[in-house]
Amino acid sequence: MLRFLDRLSLEARFFLALGLPLVAIIWMTTSGALDRHKEASNLREVETLSRLAVQVGSLVHQLQVERGMSHGYLGSRGSTFFDALPAARAATDHELHQLLDHLDQYDLAFLERYQEQTPASGPEKVDVFHSMHDLGVIIRELENLPEVRQQLDDFNISAQNAQKAWDYYTRVNLQLHSLIARLAQHPRQVAINRQLTAYHTLMMYKELAGLERATVTLVLSSGVFTADQRRDLLQLSGEQRGLYATFLRLVDTRHGEQLQGMLRRYDHPERAHFRQTLLNHAAQAEPLLDNRSAGLPLLRVESWFALQTSYIDQIKAVEDSLAAAIISQAIAQREAANGSLLRYLIISPLSILAALLLMYLIIRSTHLRLVLADTIFNHTHDGITITDHNANIIDANRAFTRITGYARDEVEGKNPRILQSGRQGPLFYRKMWQELATDGTWHGEIWNRRKSGELYAELLTISAVQDKSGKAKNYIAIFSDITNRADEHQRQLERRASYDSMTGLPNSTLLVDRLRHALRNADRDQHAVAVAVINLDDFKVINERHGYATGDRVIEIMAKRFQKLLRDGDTLARLGGNEFAVIIEGVASPHEANAILERLHQKAAKPIVIQDTSVNVSACIGTTYFPLDSGEAETLLRHAHQALLQAKLNGRNRVQHFDLRDAELQSSLSRLVQRLEAALVNNELVLHYQPKVDLVTGELIGAEALIRWQDPERGMVLPGEFLPYLEQHLIAVTIGNWVVETALAQMEHWQRQGASIRVSVNVSAQELHYPGFVENLRSHLATHPELANDMLELEILESAAIGDIKRASQVLSECRSMGVSIALDDFGTGYASLDYLKFMPASSLKIDQTFVRDMLAGSGDRMIVKAIVSLADAFGFEVIAEGIENEAQGLALIELGCRQGQGFGIGRPMPADALLSWYRDWHTFPSWKKQNMSREPAIPGQESL
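The sequence shown runs contiguously to residue 946 in this note's numbering.
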């Protein structure tokens, strides 16, 4: 079937796809119009039957009136109703002529059709008329009415014939009632059916009232009340009650209430009383005129007839109201059906035209799209195949034939595995199908075989077309011939595997290969080989400040600079990021290689201008040599990296040669760092505080925070065993942050106790030159807003600042701007010039303890202390001496102008909770006090403890 559809033209497919739905639309539209026409016809027939039933009801009413008067007239031998009877007969004739006229106007041919369409048996059988002949029988029966009237007028009628006249009227009425009953059983309109049934029930009720009127009229006219007459009246009364209840159940509330109200309003008490008394009277054969003693009231026949007729007229009024409602409802339904048919006849053709127009537009748009899709499918340069859910080819385009050599008919129904080259194994295709099943698509390169047997590379994309349940029902493969590109790509891959994409320099893989080759040549020719690793300092800062594009440009420029300084036989490689490696071959000694490396180091320090932006760069170089070092390429590179790390730890911007003894120290340092990291986690590090006092007054002016290590295994470890080594590792920054935070927390605790004690912390060179030092300090201060920033003092070693005095001055100036105090520690032990004091934003100088310890033994140290005090005074610095161990040293310092000091002679470093206790017991030496200057010392911010 699918192949048959594939062979059809595009137009034929459109006709099949859209023509059949169009036929269905036209058929449904025509069927709907016929249904509405049929419904309108049915409602017209309903209206006709309803009108006919109402017309017959009017005739029945007049026959009932005539019947009653005729019986009274006959029973009284002409003495009653002589004047009223002609008018009643004339009214009957009028209604009969009206019925005959209407029968001529009505199209009653449908009655026969109803008879034919109605089932032959069953409770649902609707026998509207047995035939048109039955209607003629009723009309012919009414043609005998003049003859009956004439017999009554001539009194030429026997008792038996009188009964026949009575039966004639009754028979005709019952036939008419039967006609109305059949009309009321119309099956197509339930509402009107129910209303007509109620109408017929009310007419039957009125018929019984008419029979009662005729019977009582005959009794009063003849003066005789027989047992049969009494029985008939009782039966009529019971049947009236049943019909009355049935009517109220069938009719709508409005007409039921109307009937009840009228009967209550117009049922004359005298009629009701007489009727009830008559029914209760024991029937006798004697004349009523002779039985007045029985208490039976007598009415004139005319009075009874008038009262009963008035009662019947009220029933007739309700009957007429109900008939009008039935006719009105039938007319309304018929008009609604006609209106619906008219609208349908107008809208349906317009809908069909709109559907045809829409179908034309859809066909035209879809045709254009399909033509375009077919054009793209067959004219694209990429091969396309479409398969079913079993991956069997159901269509392929021209490019497929051009690339593979297979025609569409040759591959139709076959699996694409006929193209496999064998270069990819089963695992490759298993993974491909797994990815297709998981992601619904696969993309990659694959090698296939043309029909000629030639291998070719293709870039292939396979997409699964899924149904609503997510199950693949088709696969679409799009591929292009990339054989030439594949060869070029292979070369690119090989180059990418050995060269850096940004700089074009060899990468680490090629570097190792060349280093191994250089080592073999050096071992053969007895030459030296230098291996160096170069790392640009603070490259992260360059990226953050100038952007990554600028950072990449710096790498490219540095690569070109280094390349120009190396010889042709040397190798420059990029290891990644901001790191390079150099192999210098064929040198006679390390000295020759050092000269080349020094030129690289100097060239790296020259500023780089990028788009009018000057970028300052420096570099650290770690180097090692063969044959002084190992003959393994990987080992030489690892040692060069170790030397580079040492250069970083030593302050950056330098060349560091690998030293085996230094490597061992570095190993020891690594173990120490690991233990200190664990000590931080386990809270083994603590701070002790050594007090600083005014030597003259004894006032506590602050304390120096000194770190201690409480090792669980070795006990208290002296600072000299670990602090000097921290300068070689970044853990110094971590521990420095811990010291600042701990000191601030302790000051905050003392402040809550009422004691404001300034604390100074020592800052190493590693910390000072760390890029985030200022931000870390600002963060620590922010977490303790209750403390004034000037309560913290930073003690900077002269050697820490002198390495890069410009940077140190900038960092310390930012600290001073936050309110933090700066003290220069161990002053006089370094090699700073007076410019050092001018650039450093310090507030105090600390005289090193080596000068204080020997100042009493010789005049040299005493003169140095005096010079430092004078220098501090000249620059506006406060001066404090450390290492005071006895009273004589303190007295000498006071004489030289130094009033502040610390040392074992004043107080040893102690835990934080012991400092306040110490101060309570501390008193300065009497010789240190000036005359009349003695006073009890007080803790700053606190009058007494």
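Just so it is clear, CB atoms sit at the ideal spot from N, CA and C, and this is done for glycine as well.
> Is there contact here, the region 492-512 with the region 421-433, by at least three beta-carbon pairs under 8 Å?
Replying inline: Counting Cβ pairs under 8 Å, fewer than three are found: no touch.
>> Quick check on DSSP: helix, strand or coil for lysine 930?
In response: Locating residue 930 in the sequence shown gives position 929, where the first residue counts as 1. In the structure shown, lysine 930 falls within a coil segment according to DSSP collapsed to helix, strand and coil.
> So the alpha helix (DSSP H) alanine 789 belongs to, where does it begin and stop?
Replying inline: As a first step, residue 789 is located in the sequence shown; it is residue number 788 there, counting from the start. No alpha helix (DSSP H) holds alanine 789; DSSP gives it neither H nor E.
> What's the call for alanine 338, buried or exposed, on a 16-neighbour Cβ count within 10 Å?
Replying inline: In the sequence shown, residue 338 corresponds to position 337, counting from 1. Its Cβ being crowded by 16 or more others within 10 Å, alanine 338 is buried.
>> I'd like the list of long-range same chain contacts for lysine 839, defined as Cβ closer than 7 Å, with 5 residues on each side in sequence excluded.
In response: For the purposes of this step, residue 839 is taken as residue 838 along the sequence shown, with counting starting at 1. For lysine 839, where only same-chain residues beyond five positions count, there are no Cβ hits under 7 Å.
> Enumerated in chain order, which unbroken segments of the beta strand (DSSP E) with a length of 3 residues or greater are wholly contained in the region 318-360?
Replying inline: Annotation note: the region 318-360 contains no uninterrupted beta strand (DSSP E) run of length 3 or greater.
>> Our contact map puts leucine 696 next to threonine 925 with C-beta atoms below 8 Å; I'd like the distance itself, whole angstroms only.
In response: In the sequence shown, counting from the first residue as 1, residue 696 sits at position 695. In the sequence shown, counting from the first residue as 1, residue 925 sits at position 924. Right, the Cβ-Cβ distance comes to about 7 Å (below 8 Å), so this counts as a contact.
>> Just to confirm the assignment, what range does the alpha helix (DSSP H) spanning proline 910 have?
In response: Against the sequence shown, residue 910 aligns to sequence position 909. Premise fails: proline 910 is in no alpha helix (DSSP H) and is neither H nor E.
>> Assuming the contact rule is C-beta atoms closer than 8 Å, valine 610 and histidine 528 should be a hit. Round their C-beta distance to whole Å, please.
In response: Indexing the sequence shown from 1 puts residue 610 at position 609. Indexing the sequence shown from 1 puts residue 528 at position 527. Valine 610 to histidine 528, Cβ: 39 Å. No contact.
>> At the level of alpha carbons, what is the spacing between tryptophan 929 and leucine 681?
In response: Along the sequence shown, one-based indexing puts residue 929 at 928. Along the sequence shown, one-based indexing puts residue 681 at 680. Pairing tryptophan 929 with leucine 681, the inter-Cα distance amounts to about 42 Å.
> In three-state terms, what does DSSP make of histidine 382?
Replying inline: Here residue 382 corresponds to residue number 381 of the sequence shown, with the count starting at 1. The answer is coil: DSSP assigns histidine 382 none of H, G, I, E or B.
> Skipping 5 residues on each side, what residues in its chain have a beta carbon closer than 6 Å to that of histidine 72?
Replying inline: Taking the sequence shown and counting its residues from 1, one reaches residue 72 at position 71. Sequence-distant partners of histidine 72 (beyond 5 residues in either direction) whose C-beta falls short of 6 Å from its own C-beta, in its chain, are Ala215, Thr218, Leu219.
> Under the three-state reduction of DSSP, which class applies to glutamine 407: helix, strand or coil?
Replying inline: Counting from one through the sequence shown, the residue named residue 407 turns up at place 406. Before going on, a small fix: residue 407 reads as tyrosine here, not glutamine. The DSSP-derived three-state label of tyrosine 407 is coil.
> Just how far apart, CA to CA, sit arginine 779 and lysine 807?
Replying inline: As a working note, residue 779 is residue 778 in the sequence shown. As a working note, residue 807 is residue 806 in the sequence shown. Approximately 21 Å, taken between the alpha carbons.
> In terms of residues, what are the limits of the beta strand (DSSP E) holding valine 252?
Replying inline: Position 251 of the sequence shown holds residue 252. No beta strand (DSSP E) contains valine 252, which DSSP labels as neither H nor E.
> Exposed or buried, which one is glutamate 776 when buried takes at least 16 other CB atoms within 10 Å?
Replying inline: Here residue 776 refers to the residue found at position 775 of the sequence shown. With fewer than 16 other Cβ atoms within 10 Å, it is exposed.
>> Threshold first: 4 residues or longer. Then list the alpha helix (DSSP H) segments lying entirely within the region 477-553, N to C.
In response: Taking only runs of at least 4 residues, the alpha helix (DSSP H) segments lying wholly in the region 477-553 are 484-497, 509-526, 540-547.
> With a Cβ-Cβ cutoff of 8 Å, do alanine 744 and leucine 688 count as a contact?
Replying inline: Here residue 744 refers to the residue found at position 743 of the sequence shown. Here residue 688 refers to the residue found at position 687 of the sequence shown. Pairing alanine 744 with leucine 688 gives a Cβ-Cβ distance under 8 Å.
>> Restricting to runs no shorter than 4 residues, where is the alpha helix (DSSP H) found entirely within the region 570-620?
In response: Complete alpha helix (DSSP H) runs here, min 4: 591-605.
>> Let's test the definition: count the other Cβ atoms within 10 Å of the Cβ of glutamate 148 and tell me whether it reaches 16, buried, or not, exposed.
In response: If you number the sequence shown from 1, residue 148 lands on position 147. Glutamate 148 should be labelled exposed.
> So what's tryptophan 923 in DSSP terms, helix, strand or just coil?
Replying inline: In the sequence shown, the residue the question calls residue 923 occupies position 922. Coil.
>> Check for me: the beta strand (DSSP E) holding isoleucine 447 runs from which residue to which?
In response: As a working note, residue 447 is residue 446 in the sequence shown. Here the beta strand (DSSP E) through isoleucine 447 covers 442-450.
>> Please report the straight-line C-alpha distance between methionine 204 and leucine 342, rounded to a whole angstrom.
In response: Numbered from its first residue, the sequence shown carries residue 204 at position 203. Numbered from its first residue, the sequence shown carries residue 342 at position 341. Cα-Cα distance, rounded: 36 Å.
>> Buried or exposed for methionine 841, going by 16 or more other Cβ atoms inside 10 Å?
In response: Working through the sequence shown from its first residue, we reach residue 841 at position 840. Label assigned to methionine 841: buried.
> Quick one: any contact between the region 433-443 and the region 460-475, if contact means 3 or more CB pairs under 8 Å?
Replying inline: Contact between the region 433-443 and the region 460-475 is present: three or more C-beta pairs spanning the two stretches fall below 8 Å.
>> Restricting to Cα atoms, I'd like to know which of His201, Ile316, Gln901, Ser59 is closest to leucine 701.
In response: Mapped onto the sequence shown, residue 701 falls at position 700. Closest by alpha carbon: Gln901.
> Roughly how many angstroms lie between the CA atoms of asparagine 174 and arginine 335, to the nearest whole one?
Replying inline: Counting from one through the sequence shown, the residue named residue 174 turns up at place 173. Counting from one through the sequence shown, the residue named residue 335 turns up at place 334. Asparagine 174 and arginine 335: Cα-Cα distance of roughly 30 Å.
> According to DSSP, what are the bridge partners of isoleucine 556?
Replying inline: For the purposes of this step, residue 556 is identified with residue 555 of the sequence shown, where counting begins at 1. Bridge partners of isoleucine 556 according to DSSP: none are assigned.
> Distance, Cα to Cα, proline 927 vs glutamine 647?
Replying inline: For the purposes of this step, residue 927 is taken as the residue at position 926 of the sequence shown. For the purposes of this step, residue 647 is taken as the residue at position 646 of the sequence shown. CA-CA distance, proline 927 to glutamine 647, rounds to 52 Å.
>> Pop quiz: leucine 420 and threonine 402 are said to be a contact at Cβ under 8 Å. What is the actual Cβ separation, rounded to whole angstroms?
In response: For the purposes of this step, residue 420 is taken as residue 419 along the sequence shown, with counting starting at 1. For the purposes of this step, residue 402 is taken as residue 401 along the sequence shown, with counting starting at 1. The beta-carbon separation of leucine 420 and threonine 402, rounded to 12 Å, does not stay under the 8 Å limit for a contact.
>> Runs of 4 residues minimum, wholly inside the region 741-789: which ones carry the alpha helix (DSSP H) assignment?
In response: Annotation note: the region 741-789 contains the following uninterrupted alpha helix (DSSP H) runs of length 4 or greater, listed N- to C-terminal: 766-769, 774-783.
>> Just to confirm the assignment: which complete beta strand (DSSP E) runs, minimum length 3, are found wholly within the region 616-662?
In response: Runs found: 620-627, 656-658.
> Between the C-alpha atoms of valine 191 and serine 470, what's the straight-line distance to the nearest angstrom?
Replying inline: On the sequence shown, position 190 is the one that residue 191 refers to. On the sequence shown, position 469 is the one that residue 470 refers to. Whole-angstrom Cα-Cα distance: 49 Å.
> Should phenylalanine 627 be labelled buried (16 or more other beta-carbon atoms within 10 Å of its own) or exposed?
Replying inline: For the purposes of this step, residue 627 is identified with residue 626 of the sequence shown, where counting begins at 1. By the neighbour-count rule (16 or more Cβ atoms within 10 Å), phenylalanine 627 is buried.
> Under a three-way DSSP split, which group does serine 80 fall into?
Replying inline: Against the sequence shown, residue 80 aligns to sequence position 79. DSSP places serine 80 in coil when its eight states are reduced to three.
> Considering only residues of the same chain and omitting the five flanking positions on each side of serine 453, which have a CB-CB separation below 6 Å?
Replying inline: Numbered from 1 along the sequence shown, position 452 holds the residue referred to as residue 453. Closer than 6 Å at Cβ, skipping near neighbours: Gly406.
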